[in-house]
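In the working numbering, the protein residues as written are 176 to 539.
Since the structure comes first, as structure tokens, the remarks are kept for the end.
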């Protein structure tokens, strides 16, 4: 029997968690399932190798019980408990979990009270004002659903950056442990530009060995070509295409091995060298989206990016008083520990200073 690929296993485990949450299962167990599913999307080695080595429990969020579930999903493409859960609600209902802030109990209520079985049916119910009269749903939820459906359509419901960062940091550690011969391992991919749709690492070894695909891309290169491979692995595709055209106009050839003039390699060890050889201001990864960044870099007029140290507070966060997962006190204390000066939370219109009051409440 063909084995299930890791991304499908992650999707099945996420479905398992979502269906169990609608049944009212232990929320801590649900969070564990979801965390494990996230971890499976950033594996640093093939899943079959991990299972064969009995090393599933070394992956963040996977203990013995979840390891058994993952193994079964991988080997058979399903699980008896998942099949039993699937009897409760149709597959289309799972689409509703894509809506930010929509709790499992509300999803089940929408299905049971209004027969909502898909995002399209949910939107129709909201626009036809059928959600507002239902006890336990109401006008506020109806309005919020219409707003958040737009977010779903925009594709902005991917894995949160902080979760992706934690997964990639673990992947870096894992790669270093598995390959002590690598002298350097860096995060690349879309994440380096502020997105989480593509996980990639670039590793430095004595010689290039190409790309190893698991649920993330691992590009192995030598020191001489590290910068060129990092540039290629970071993207975006539009930025790289425009950069290659810009290089060609100047008599160069830019490819995954570096910047060339004829047969001579001009720059490839660092990204900075490549941009400098093209008389361009260094373009930060977050700006590499194929807009006007190359034109601005040629004029040395790129904008300065906002850094972590430029942030002095947080606005419009959610607590357990609305649809958040942490209390006001816990959120305020965490904000204080980060050294921020203010914190706004969705409840009232006041935003107060953390330096003067122990806790704050604000609606932004």
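Where a beta carbon is used, it is the ideal one built from N, C-alpha and C, also for glycine.
Source: prediction; values computed, not measured.
CB of residue i within 7 Å of CB of residue j, strictly
i           : j           : result
residue 218 : residue 390 : yes
residue 438 : residue 427 : no
residue 361 : residue 377 : yes
residue 403 : residue 394 : no
residue 508 : residue 487 : no
residue 405 : residue 446 : yes
residue 215 : residue 185 : yes
residue 322 : residue 306 : no
residue 472 : residue 455 : yes
residue 271 : residue 282 : yes
residue 503 : residue 510 : no
residue 179 : residue 252 : yes
residue 235 : residue 335 : no
residue 434 : residue 423 : no
residue 382 : residue 444 : no
residue 286 : residue 309 : no
residue 231 : residue 245 : yes
Start-to-end residues for the alpha helix (DSSP H) that takes in residue i
i           : result
residue 298 : 294 to 302
residue 345 : 336 to 353
residue 184 : 181 to 197
residue 468 : 468 to 473
residue 367 : No alpha helix (DSSP H) contains residue 367, which DSSP labels as neither H nor E.
residue 451 : 446 to 452
residue 510 : 503 to 512
residue 213 : 202 to 215
residue 218 : Element bounds for residue 218: n/a, residue is neither H nor E.
residue 259 : 255 to 260
Inter-residue Cα distance where the pair is residue i and residue j
i           : j           : result
residue 371 : residue 337 : 10 Å
residue 280 : residue 197 : 6 Å
residue 249 : residue 225 : 11 Å
residue 191 : residue 208 : 8 Å
residue 401 : residue 187 : 36 Å
residue 312 : residue 267 : 20 Å
residue 373 : residue 339 : 10 Å
residue 273 : residue 294 : 9 Å
residue 332 : residue 369 : Only weak support exists for where residue 332 lies, its pLDDT of 48 falling under 50; the coordinates are left without a value.
residue 477 : residue 501 : 39 Å
residue 481 : residue 459 : 11 Å
residue 299 : residue 277 : 17 Å
residue 181 : residue 397 : 29 Å
residue 496 : residue 275 : 16 Å
residue 213 : residue 342 : 8 Å
residue 421 : residue 375 : 26 Å
residue 392 : residue 448 : 24 Å
residue 431 : residue 222 : 28 Å
residue 519 : residue 506 : 10 Å
residue 194 : residue 292 : 14 Å
residue 284 : residue 202 : 18 Å
residue 304 : residue 319 : 13 Å
residue 569 : residue 450 : Residue numbering for the chain in the displayed model covers 176 to 539; residue 569 lies beyond these limits and cannot be assessed.
residue 489 : residue 210 : 25 Å
residue 254 : residue 247 : 6 Å
residue 457 : residue 469 : 10 Å
residue 269 : residue 297 : 12 Å
residue 328 : residue 483 : 29 Å
residue 204 : residue 386 : 36 Å
residue 262 : residue 491 : 39 Å
residue 227 : residue 220 : 12 Å
residue 256 : residue 229 : 23 Å
residue 258 : residue 183 : 16 Å
residue 429 : residue 479 : 26 Å
residue 347 : residue 314 : 46 Å
residue 359 : residue 326 : 38 Å
residue 354 : residue 418 : 33 Å
Unbroken beta strand (DSSP E) run spanning residue i, endpoints
i           : result
residue 375 : 374 to 380
residue 492 : 488 to 492
residue 223 : Segment 222 to 227 is the alpha helix (DSSP H) holding residue 223; no beta strand (DSSP E) there.
residue 395 : 392 to 397
residue 241 : That residue, residue 241, is in no beta strand (DSSP E); its alpha helix (DSSP H) goes 239 to 251.
residue 361 : 359 to 364
residue 276 : It is not in any beta strand (DSSP E) - residue 276 carries neither H nor E in the DSSP assignment.
residue 519 : 517 to 520
>> Please give the ranges of any alpha helix (DSSP H) in the stretch 403 to 444, keeping only runs that are unbroken, at least 4 residues long and fully inside the region.
In response: 412 to 424
> So does the stretch 459 to 467 actually touch the stretch 414 to 430, counting three or more Cβ pairs closer than 8 Å?
Replying inline: yes
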